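Mapping to the numbering used here: the sequence shown position 236 is 238, numbers consecutive. Here is the structure we will look at.
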Amino acid sequence: MSDKPRVVVWFSCGAASAVAAKLAVQEYGDRCVIAYCDTGGEHPSNKKFLLDVEKWVGRKILILKNKKGFVDHFDVYRKTKYIKSHRGAMCTVELKKKCRYEFQRPDDIHIFGYTVEEKERAKRFNEYNFELATDWILIRKDVSKEDCLGLLWKEGLEIPAMYLPPLEMNHNNCVGCVRGGRGYWNKIRVHFPEHFKTMSEIERELEYSLFKNSDGSPLYLDQLDPSAGNFLKEPPISCGLGCGIIAQELERNK
């Protein structure tokens with residue numbers, strides 16, 4: 003057994019974390035553990051994607067669940083009577099962060115799916131989580147979000163439905179993510195009306211609105227203009243320079 007620290011890849015069912023897992027297993031071998039915090043609120047297609055990634059990476063993914071029995075993000079809001087603040091969303095704390103805290107060891111090296119566009123985000127993470135050792139493997143290898151999507155396409159992995167038409171989201175968070183803007187929520191209204199209705203009811207129950215009017219008064223989802231927002235509909239899926247380099251590296255290691 004290796005006396006070197008464990009390397010934990012935090013898989014999110016997103017394209018970037020899938021590529022991070024593949025690279026980490028190749029670089030760290032048996033030291034590498036892949037963990038997934040199942041929030042219960044993500045698109046059903048994520049389950050198939052997780053199984054496909056397991057086959058591609060050649061490693062089982064550990065599925066972690068919260069110990070309080072929260073069913074999904076909506077259940078968190080209703081039971082804690084709290085949605086979010088400037089410090090973040092309660093669902094992230096209960097469904098992801100606490101799972102990580104319970105699973106991690108003091109000497110673990112953590113890998114997240116932050117891409118080269120997210121250098122500042124990674125820097126902030128290190129500042130706020132200075133006690134953790136991290137390896138920003140995608141940033142280190144200059145891999146972009148486009149590269150990750152393109153690489154999965156090249157490798158024949160079907161990406162989760164949230165990325166694909168007609169949804170064409172630019173992330174794979176829970177369906178009805180409270181971090182989404184007005185355009186995002188209008189897409190949820192169209193494609194996931196029950197999720198939109200549930201979140202609208204929760205806002206009213208807790209007397210908290212995700213959005214504000216120009217005068218600072220609450221703007222509840224059931225008041226949201228269906229034409230509001232300017233959601234970026236089409237995430238680019240291409241195989242750029244970074245993706246080509248990574249593809250060659252993976253090919254050499256087959």
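Positions of the beta carbon are idealized from the N, C-alpha and C atoms, including for glycine. A quick note: this is a predicted structure, and the numbers were derived from the prediction, not measured.
(request) Please work out which residues of its chain come closer than 7 Å, Cβ to Cβ, to K189, disregarding the five sequence neighbours upstream and downstream, and give them in chain order. (result) In the sequence shown, the residue the question calls residue 189 occupies position 187. F233, listed in sequence order.
(message) So R61 and V27 are supposed to be a Cβ contact under 8 Å. How far apart are they, rounded?
(response) For this step, residue 61 is matched to residue 59 along the sequence shown. For this step, residue 27 is matched to residue 25 along the sequence shown. Sure, about 6 Å apart at Cβ, within 8 Å.
(request) For V177, count neighbouring Cβ atoms within 10 angstroms of its own Cβ and tell me buried if that reaches 16, exposed if not. (result) Position 175 of the sequence shown, counting from 1, holds the residue named residue 177. The residue in question, V177, is buried, as its Cβ has 16 or more Cβ neighbours within 10 Å.
(request) Run the CB neighbour count on L52, radius 10 Å, all protein chains shown included, and call it buried at 16 or more, exposed below. (result) The count along the sequence shown starts at 1 and reaches residue 52 at position 50. Burial call: buried.
(request) State the beta-bridge partners of G90 as determined by DSSP. (result) Position 88 of the sequence shown, counting from 1, holds the residue named residue 90. Per DSSP, S87.
(request) Would you mind reading off the limits of the beta strand (DSSP E) that contains C34? (result) What you label residue 34 is simply residue 32 of the sequence shown in a count that begins at 1. Unbroken beta strand (DSSP E) run through C34: 34-39.
(message) Suppose you measure from the CA of A18 to the CA of I204; what does that come to, to the nearest Å?
(response) Looking up residue 18 in the sequence shown gives position 16. Looking up residue 204 in the sequence shown gives position 202. C-alpha separation (whole angstroms): 31 Å.
(message) Could you compute how far the alpha carbon of R123 sits from the alpha carbon of G43?
(response) Stepping through the sequence shown from its first residue, residue 123 is reached at position 121. Stepping through the sequence shown from its first residue, residue 43 is reached at position 41. Straight-line Cα distance between these residues: approximately 24 Å.
(request) Ignore the nearest five residues each way along the sequence and tell me which others in E236's own chain have a CB closer than 6 Å to its CB. (result) Position 234 of the sequence shown, counted from the first residue, corresponds to residue 236. In this predicted model, E236 has a pLDDT of only 31, less than 50, meaning its place in the structure is not dependable; the value taken from the coordinates is given anyway. Around E236: E170.
(message) What residue range does the alpha helix (DSSP H) around H112 cover?
(response) Locating residue 112 in the sequence shown gives position 110, where the first residue counts as 1. It is not in any alpha helix (DSSP H) - H112 instead sits in the beta strand (DSSP E) that spans 111-113.
(message) Quick check: F127 and W12, are their CB atoms within less than 7 Å of each other?
(response) The residue labelled residue 127 in the question sits at position 125 within the sequence shown. The residue labelled residue 12 in the question sits at position 10 within the sequence shown. Taking 7 Å as the Cβ cut-off, F127 and W12 do not qualify as a contacting pair.
(message) At 3 residues or longer, what runs of the beta strand (DSSP E) sit wholly inside the segment 108-193?
(response) 111-113
(message) Is it the case that the segment 30-47 contacts the segment 89-103, given that we only count it when at least three CB pairs across the two stretches are under 8 Å?
(response) yes
(message) What would DSSP say about F76, mapped onto helix, strand or coil?
(response) Position 74 of the sequence shown holds residue 76. In this structure, F76 counts as helix in the three-state DSSP scheme.
(request) Between the Cα of N174 and those of V55, D137, K6, S14, spot the shortest distance and give me the residue it belongs to. (result) Here the question's residue 174 lines up with position 172 in the sequence shown. The shortest C-alpha separation from N174 is found at S14.
(request) Report buried or exposed for I36, applying the criterion of at least 16 other Cβ atoms within 10 angstroms of its Cβ. (result) Mapped onto the sequence shown, residue 36 falls at position 34. By the neighbour-count rule (16 or more Cβ atoms within 10 Å), I36 is buried.
(request) Give the secondary structure of K62 by DSSP, where H, G and I count as helix, E and B as strand, and everything else as coil. (result) Residue numbering aside, residue 62 sits at position 60 when the sequence shown is read from its first letter. In the structure shown, K62 sits in coil (DSSP, three-state: anything other than H, G, I, E or B).
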